[in-house]
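To keep things clear, I will list the structure first and then write my remarks on it.
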Amino acid sequence: MATTEIPARSQAAAPARAPRKRGKSDLATALVFITPAVVGFIVFYLVPTIRGLYLSFTNYNLFGSPVWIGLTNYIKIVQDKLFWNAMAVTGEYVVLNIAFQTVFALGLALLMYHVAKSTIVRGVLLLPYLVANVIVALLWFWMLDYQIGIVNQVIEWLGLPRVAFFGSGTWAIPTIAFINVWRHMGYTALLLFAGLQAIPRNVYEVAALDGAGAWKTFWKITMPLLRPVMVLVLVVTVIGSFQIFDTVAVTTNGGPVNASRVIQLYIYQKAFTEQDFGYASALSVILFAILGVVAFLQMKFLRGNESELG
Amino acid sequence: MTTTQRLDAAPAGAANGGTRRRPSTDRRPRRPVGWGRIGAWAVLALAILVTVVPFLWMIRTALSSNHSLAANSASLLPADFSWGAFKRVFGMQSPEEALAQGGSGAAINFWLYLRNSFIVSTMVTVAQVFFSALAAYAFARLQWPGRDKVFSLFLATLLVPPIFTALPNFLLIKNLGLLNTFLGIALPTMLMTPFAIFFLRQFFLGMSREMEEAAKLDGASHLRIFFQIVAPNAVGPIATLSLLTFIAAWNDYFWPLLVGQEDKVRVLTVGLSVFKSQSPQGAPDWSGLMAATLVAALPILILFLAFGKKVVNSIGFSGIK
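Quick note, the sequences are listed as chains A and B, same order.
Following our numbering, the numbering of the first sequence begins with 1 at its first residue and continues without gaps.
Following our numbering, the numbering of the second sequence begins with 311 at its first residue and continues without gaps.
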């Protein structure tokens, strides 16, 4: 509605605006506008980041004050078998979660794009993502129950042996990874779908004129042009995946034994069960560093910042 | 940072493009219905089924009586229909009654948790969206030295994992004496999140300047321009952001787990995990648990039914969260 009157007005307003832009600063007003956000940023992001770094070099159990111990926490971590176990478990989770999630999401995104553009279909597929992790975890905890869960009923009906999804060391992490694939699949698909929509249609038309089939079009056109979006989605989902906590905390709580004690759960337990805040801080510095390196490598090797569309 | 640039390109498209792009979709030539297309629909139908069935199973279990679940584990309808699970969840059964029906007998009151979740999520949403809108306007429209540098600094915090700031923030909330208060749970996200500022800045950048310029010539202050011209014209994106913020606050588990353990401030997600851990190990109160998850999920599902289209169309790159 408003768009129609804009062209006429912009011509009239343009000369008046030009001189005003030069040098004139709105600093006083800007201060009023950004002060709450800046306070929030400093108090809850900037200072905690510095404080977290500092705590990682201390021994601190919540009582008294932190005692500086240099690199001791880091040296202990390197020798900590549970830490390495947590890293291995988290790594397994991330690989399983990301691999399946990305493939399923890409498939769904293509279906959304080529077959069903309906918002309702997209809305339904987004549903699991809107429901809390804790809810999703409990729902699947019930459905995958060894005794009377519906999934094991179906498995038995198919003539296969029951699976202790949460109770066996081998299955715990794949099960948790699957639950989160289920939750994030539709959301990731929507992100990729938005990327597909950004690919200009004439590229496809040219390909069709050249007689390229669906398979060739997908690999030679869709994938290369989708790459920047794909990389961004991968960076975001991988970073999120490393921080798996809720699902594990309400289902296995790290068990059986240490089979699903992922890194964030380990940090939580160190800080709040053992009250070892220094050690927990050092662990989270390491997690932070790993996430930074992983994001950097993804951007570099998948060339996420370059676009074929140029 | 290359991410920043990519991020920049996005939500403007998500905010405006969603509707504007639609007409062009009809130009696409329709392909004849072949086996490929039927197969594609079948896969899509399967995906929808896999998505929806667990929710139906949640409802079915919540309406069953717990003792009958084992004997009727594969029946599609509620096993021995009963509202007992909901009564248990809302603390409307006596401990003996609850025990008899398979509950733990421990006092559990989801009315309270429901109320607490509403209080916390509303506090976070109202404050965060308001303060972030102010900041976003300053980043998008006002001229001041260091503006873009401060903005990149804000954006950089998207890369800091929440666990990293959670430990020091817990200490801060503890030192402020705000453990087990609503303010303590809400405060860290009340003043800003990088995502909220980014989302609205993107929209403000794309808005036409004409009305503002006209108001400025009439001598209106920036404060007046913001409240009387910019904000009313940004109702759509502000509503979308509010919805996303509310959902995120409602679903958060880790932070309220750290600072809101006591019953009087316990939110639904934490309440659910407590309910689960209180449930008898050998024979869990499945129907009670599913009734509780349904209660926790329902407000979000209702919001989604009412405003789902906004959420669905807002997810592009802006979905970075």
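Think of the CB as a built atom: it goes at the ideal place given N, C-alpha and C, for glycine as much as any other residue.
Being a predicted model, the structure only gives us computed values, none of them experimental.
Review point. Smallest Cα separation from residue 276 (chain B): which of B:391, B:615, B:387 and B:422?
Key: Only positions 311 to 631 of chain B appear in this structure, which leaves residue 276 (chain B) out of reach.
Exercise for review: Taking residue 532 (chain B) as the query, report the chain A residues whose CB atoms sit under 8 angstroms from its CB, ordered along the chain.
Suggested key: Position 222 of the second sequence, counted from the start, is the residue given in the question as residue 532 (chain B). Within 8 angstroms Cβ-Cβ: 26, 29 and 33.
Practice item. For residue 622 (chain B), decide whether its Cβ has a neighbour in chain A, counting only Cβ atoms nearer than 9 angstroms. Key: Position 312 of the second sequence, counted from the start, is the residue given in the question as residue 622 (chain B). With 9 angstroms as the cut-off, residue 622 (chain B) counts as an interface residue toward chain A.
Practice item. With 9 angstroms as the threshold, decide whether the Cβ of residue 65 (chain A) is near any Cβ in chain B. Key: On the first sequence, residue 65 (chain A) is found 65 positions in, with the first residue counted as 1. By this cut-off, residue 65 (chain A) is not an interface position.
**Study point:** Paired residues, beta bridge with residue 59 (chain A) - DSSP
**Key:** What you label residue 59 (chain A) is simply residue 59 of the first sequence in a count that begins at 1. Beta-bridge pairing links residue 59 (chain A) to A:67.
Practice item. Can you say whether residue 523 (chain B) is buried or exposed, counting buried as having 16 or more other CB atoms within 10 angstroms of its CB? Key: Position 213 of the second sequence, counted from the first residue, corresponds to residue 523 (chain B). Result: buried.
Exercise for review: Could you say which of B:556, B:463, B:474 and B:376 lies nearest to residue 277 (chain A) if we only look at CA atoms?
Suggested key: As a position in the first sequence, residue 277 (chain A) is number 277, starting the count at 1. When only C-alpha atoms are compared, the closest one is B:474.
Exercise for review: To the nearest angstrom, report how far apart residue 272 (chain A) and residue 587 (chain B) are at their CA atoms.
Suggested key: Within the first sequence, numbered from 1, the residue matching residue 272 (chain A) stands at position 272. Within the second sequence, numbered from 1, the residue matching residue 587 (chain B) stands at position 277. Rounded to whole angstroms, residue 272 (chain A) to residue 587 (chain B) spans 18 angstroms at the Cα level.
Point to revise | Alpha-carbon spacing of residue 465 (chain B) relative to residue 441 (chain B), whole angstroms | key: Mapped onto the second sequence, residue 465 (chain B) falls at position 155. Mapped onto the second sequence, residue 441 (chain B) falls at position 131. Each residue's alpha carbon lies about 16 angstroms from the other.
Exercise for review: Pick helix, strand or coil for residue 217 (chain A), following the three-state DSSP scheme.
Suggested key: Translated into positions along the first sequence, residue 217 (chain A) becomes position 217. DSSP places residue 217 (chain A) in helix when its eight states are reduced to three.
Exercise for review: Identify which residue in A:265, A:26, A:295 and A:294 has its Cα closest to the Cα of residue 454 (chain B).
Suggested key: Along the second sequence, one-based indexing puts residue 454 (chain B) at 144. When each option's Cα is compared against that of residue 454 (chain B), the closest is A:26.
Check your understanding: Exposed or buried, what is residue 170 (chain A) when buried is set at 16 or more other beta-carbons lying within 10 Å of its beta-carbon?
Key -> Along the first sequence, one-based indexing puts residue 170 (chain A) at 170. Flag for residue 170 (chain A) reads exposed.
Check your understanding: Thinking just about the alpha-carbon of each residue, which of A:81, A:131 and A:186 is nearest to the one in residue 604 (chain B)?
Key -> Residue mapping note: residue 604 (chain B) aligns to position 294 of the second sequence, counting from 1. When each option's Cα is compared against that of residue 604 (chain B), the closest is A:131.
Review point. DSSP three-state call for residue 252 (chain A): helix, strand or coil?
Key: For the purposes of this step, residue 252 (chain A) is taken as residue 252 along the first sequence, with counting starting at 1. Residue state, collapsed to three classes: coil.
Review point. Heavy atom of the ligand MG less than 8 angstroms from the Cβ of residue 106 (chain A), yes or no?
Key: Although the ligand MG was asked about, the structure shown includes no ligands whatsoever.
Check your understanding: Ordered along the chain, which non-local residues of its own chain (more than five positions away) have a Cβ less than 7 angstroms from that of residue 275 (chain A)?
Key -> Counting from 1 along the first sequence, the entry for residue 275 (chain A) is found at position 275. Correct list, in chain order: 61 and 62.
Exercise for review: Tell me where the alpha helix (DSSP H) around residue 458 (chain B) begins and ends.
Suggested key: Position 148 of the second sequence, counting from 1, holds the residue named residue 458 (chain B). Residues 457-466.
Review point. In chain B, which residues lie with their C-beta within 7 angstroms of the C-beta of residue 142 (chain A)?
Key: Residue numbering aside, residue 142 (chain A) sits at position 142 when the first sequence is read from its first letter. For a Cβ distance threshold of 7 angstroms, residue set 371, 596, 599 and 600 of chain B lies close to residue 142 (chain A), ordered along the chain.
Review point. Is there a Cβ from chain B that is less than 9 angstroms from the Cβ of residue 145 (chain A)?
Key: Here the question's residue 145 (chain A) lines up with position 145 in the first sequence. Yes, residue 145 (chain A) lies at the interface with chain B (some Cβ there is under 9 angstroms from its Cβ).
Review point. Does any CB atom of chain A fall closer than 9 angstroms to the CB of residue 394 (chain B)?
Key: On the second sequence, position 84 is the one that residue 394 (chain B) refers to. With 9 angstroms as the cut-off, residue 394 (chain B) does not count as an interface residue toward chain A.
Point to revise | Cβ shell of residue 581 (chain B) (< 7 angstroms), same chain only, five flanking positions each side left out | key: Here residue 581 (chain B) is taken as the residue at index 271 of the second sequence, counted from 1. Closer than 7 angstroms at the Cβ level, and outside the excluded window around residue 581 (chain B), lie 420 and 423.
Exercise for review: Starting from the beta carbon of residue 603 (chain B), find every residue of chain A whose beta carbon is closer than 7 angstroms, and list them in chain order.
Suggested key: Indexing the second sequence from 1 puts residue 603 (chain B) at position 293. What residue 603 (chain B) touches in chain A: 135, 138 and 139.
Review point. Three-state secondary structure (DSSP) at residue 198 (chain A)?
Key: Position 198 of the first sequence, counted from the first residue, corresponds to residue 198 (chain A). Residue 198 (chain A): coil per DSSP, three-state reduction.
Check your understanding: Which residue from A:299, A:301 and A:263 puts its Cα closest to that of residue 365 (chain A)?
Key -> Shown here, chain A extends from 1 to 310; a query on residue 365 (chain A) therefore has no answer.
Check your understanding: For residue 469 (chain B) versus residue 70 (chain A), is the C-beta distance shorter than 9 angstroms?
Key -> Residue mapping note: residue 469 (chain B) aligns to position 159 of the second sequence, counting from 1. Residue mapping note: residue 70 (chain A) aligns to position 70 of the first sequence, counting from 1. Contact flag unset, no.
Practice item. Go to residue 140 (chain A), then tell me how far its alpha helix (DSSP H) extends in each direction, as first and last residue. Key: Taking the first residue of the first sequence as 1, we reach residue 140 (chain A) at position 140. Per DSSP, residue 140 (chain A) belongs to the alpha helix (DSSP H) from 133-143.
Point to revise | 9 angstroms Cβ cut-off: residues of chain B touching residue 186 (chain A) | key: Along the first sequence, read from residue 1 onward, the residue named residue 186 (chain A) stands at position 186. Ordered by position in chain B, the residues that pass the 9 angstroms Cβ test against residue 186 (chain A) are 357 and 361.
Check your understanding: Counting only beta-carbon atoms, is residue 43 (chain A) nearer than 9 angstroms to chain B?
Key -> As a working mapping, residue 43 (chain A) is identified with position 43 in the first sequence. True, the Cβ-Cβ gap to chain B drops below 9 angstroms.
Review point. Just the Cα atoms here: how many angstroms apart are residue 285 (chain A) and residue 241 (chain A)?
Key: Here the question's residue 285 (chain A) lines up with position 285 in the first sequence. Here the question's residue 241 (chain A) lines up with position 241 in the first sequence. Rounded to whole angstroms, residue 285 (chain A) to residue 241 (chain A) spans 17 angstroms at the Cα level.
Check your understanding: Would you say the segment 367-386 of chain B touches the segment 140-150 of chain A, given that touching needs at least three Cβ pairs under 8 angstroms?
Key -> yes
Review point. If you run the structure through DSSP and keep just helix, strand and coil, what is residue 331 (chain B)?
Key: As a working mapping, residue 331 (chain B) is identified with position 21 in the second sequence. Since pLDDT at residue 331 (chain B) reaches only 42, below the 50 mark, its modelled position is unreliable, and no value is offered.
**Study point:** Close beta carbons around residue 488 (chain B), own chain, < 6 angstroms, minus the five adjacent residues each side
**Key:** Walking along the second sequence from the start, residue 488 (chain B) turns up at place 178. Result list for residue 488 (chain B): 494, in chain order.
**Study point:** Spatial distance of residue 496 (chain B) from residue 431 (chain B) (CA atoms)
**Key:** Here the question's residue 496 (chain B) lines up with position 186 in the second sequence. Here the question's residue 431 (chain B) lines up with position 121 in the second sequence. If you take the alpha carbons of residue 496 (chain B) and residue 431 (chain B), they lie about 8 angstroms apart.
**Study point:** Beta-carbon proximity list for residue 203 (chain A), same chain, < 8 angstroms, skipping 5 on both sides
**Key:** Residue mapping note: residue 203 (chain A) aligns to position 203 of the first sequence, counting from 1. 221 and 225, listed in sequence order.
Check your understanding: From which residue to which residue does the alpha helix (DSSP H) around residue 575 (chain B) run?
Key -> Locating residue 575 (chain B) in the second sequence gives position 265, counting from the first residue. Unbroken run through residue 575 (chain B): none, as it is neither H nor E.
Practice item. State the Cα-Cα distance for the pair residue 193 (chain A) and residue 527 (chain B), rounded to the nearest angstrom. Key: By one-based count along the first sequence, residue 193 (chain A) stands at place 193. By one-based count along the second sequence, residue 527 (chain B) stands at place 217. So the alpha carbons of these two residues sit roughly 43 angstroms apart.
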